[in-house]
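Colleague: The numbering of the sequence shown is the working numbering, which starts it at -6 and goes up by one. The C-beta atom is built at its ideal place from N, Cα and C for all residues, glycine as well.
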Amino acid sequence: MTEQANGAAEQDNNPQFSLQRIYIRDLSFEAPKAPEIFRQEWQPSISMDLNTRQKQLDGDFYEVVLTVSVTVKNGEETAFIAEVQQAGIFLIKGLDASSMSHTLGAFCPNILFPYARETLDSLVVRGSFPALMLSPVNFDALYAQEISRMQAAGEIPTP
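(1) Val58 and Ala80 look like a contact to me (Cβ under 8 Å); what is the Cβ gap, rounded to whole Å?
(2) Excluding the five sequence neighbours on either side, which residues of its own chain have a C-beta within less than 7 Å of the C-beta of Arg14, listed in chain order?
(3) Between the C-alpha atoms of Pro37 and Arg119, what's the straight-line distance to the nearest angstrom?
(4) How about Glu34 and Ala75: do their beta carbons lie closer than 9 Å?
(5) Go ahead and pull the three-state DSSP assignment for Ile104.
(6) When DSSP builds the beta bridges, which residues end up paired with Lys26?
(7) In whole angstroms, what separates the C-alpha of Ile30 from that of Met41?
(8) Contact between the segment 128 to 146 and the segment 98 to 113: three or more CB pairs below 8 Å?
(9) Which partner residues of Gln36 appear in the DSSP bridge assignment?
(10) State buried or exposed for Gln47, treating a residue as buried only when at least 16 other CB atoms are found within 10 Å of its CB.
(11) So Asp53 packs on Ile85, CB below 8 Å; how close in whole Å?
(12) Name, in chain order, the residues that DSSP records as bridge partners for Leu135.
(13) Classify Gly147: buried if its beta carbon has 16 or more other beta carbons within 10 angstroms, exposed otherwise.
(14) Throw me the rounded Cβ distance for the Leu20 and Thr96 pair, which I believe falls under 8 Å.
(15) Spatial neighbours of Tyr136 within its chain, please: C-beta separation below 7 Å, excluding the five flanking residues on both sides.
(16) Short of 6 Å in beta carbon distance, which residues of its chain neighbour Asn7, apart from the five on each side in sequence? Order them along the chain.
In structure tokens, the structure reads:
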């Protein structure tokens, strides 16, 4: 094998990761008690749900979708519900199954979350509510919890 062909073959075996595109897949906002909610003293309670899903596209391209849903209540009444499906297309190759699972389940959502957070904040402000500054999320810890839960449930074998 020539030196140039050998270098190309070696490069194909090296892990590769690159972000191809970030986009909003779906976006929604609902303020069911407007305008009455604006006349009340603001004592919000916030609940947030996170979900990720991924699918393989052509070849080594993957779509990862991070769904962030936020429900804010003022007392017992729902002030607003906001949800974004922040998606990305990633080129990922040369990883073993465990590393690929971690990359898709933790690393990619970690990249997408700041975009989802900014989108939700902007959406809420446009709805005339105070800024929604969501705290950072440790996707590595969430991924580890999910793997432990799946192993305990017998959904995946323990290493």
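Modeller: According to the structure shown:
(1) Your numbering for residue 58 matches position 65 in the sequence shown. Your numbering for residue 80 matches position 87 in the sequence shown. At roughly 5 Å, the Cβ-Cβ gap stays under 8 Å, so Val58 and Ala80 are in contact.
(2) The residue given as residue 14 occupies position 21 in the sequence shown. Counting only Cβ-Cβ distances below 7 Å, and skipping sequence neighbours, we find Gly81 and Ile82.
(3) Here residue 37 refers to the residue found at position 44 of the sequence shown. Here residue 119 refers to the residue found at position 126 of the sequence shown. C-alpha of Pro37 to C-alpha of Arg119: approximately 17 Å in a straight line.
(4) For this step, residue 34 is matched to residue 41 along the sequence shown. For this step, residue 75 is matched to residue 82 along the sequence shown. Contact check for Glu34 against Ala75 fails: the beta carbons are separated by 9 Å or more.
(5) The count along the sequence shown starts at 1 and reaches residue 104 at position 111. Helix.
(6) As a first step, residue 26 is located in the sequence shown; it is residue number 33 there, counting from the start. Note: Lys26 sits in no beta bridge, so no partner.
(7) By 1-based counting over the sequence shown, the position of residue 30 is 37. By 1-based counting over the sequence shown, the position of residue 41 is 48. Cα to Cα, Ile30 sits roughly 20 Å from Met41.
(8) Touching, yes, given that three or more Cβ pairs across the two stretches are closer than 8 Å.
(9) The residue labelled residue 36 in the question sits at position 43 within the sequence shown. DSSP output for Gln36 lists no bridge partner at all.
(10) Position 54 of the sequence shown holds residue 47. Classification for Gln47: buried.
(11) Along the sequence shown, read from residue 1 onward, the residue named residue 53 stands at position 60. Along the sequence shown, read from residue 1 onward, the residue named residue 85 stands at position 92. Contact holds; Cβ gap of about 6 Å.
(12) Indexing the sequence shown from 1 puts residue 135 at position 142. Note: Leu135 sits in no beta bridge, so no partner.
(13) The residue labelled residue 147 in the question sits at position 154 within the sequence shown. Looking at its Cβ environment, which holds fewer than 16 other Cβ atoms inside 10 Å, Gly147 is exposed.
(14) Working through the sequence shown from its first residue, we reach residue 20 at position 27. Working through the sequence shown from its first residue, we reach residue 96 at position 103. Not a contact, Cβ separation roughly 26 Å.
(15) Start at 1 with the first residue of the sequence shown, and residue 136 comes out as number 143. The beta carbon of Tyr136 lies closer than 7 Å to those of His95, Gly98 and Ala99 in the same chain, with the five residues before and after it left out.
(16) Reading the sequence shown from its first residue, position 14 is the one you call residue 7. For Asn7, where only same-chain residues beyond five positions count, the Cβ hits under 6 Å are Gly87.
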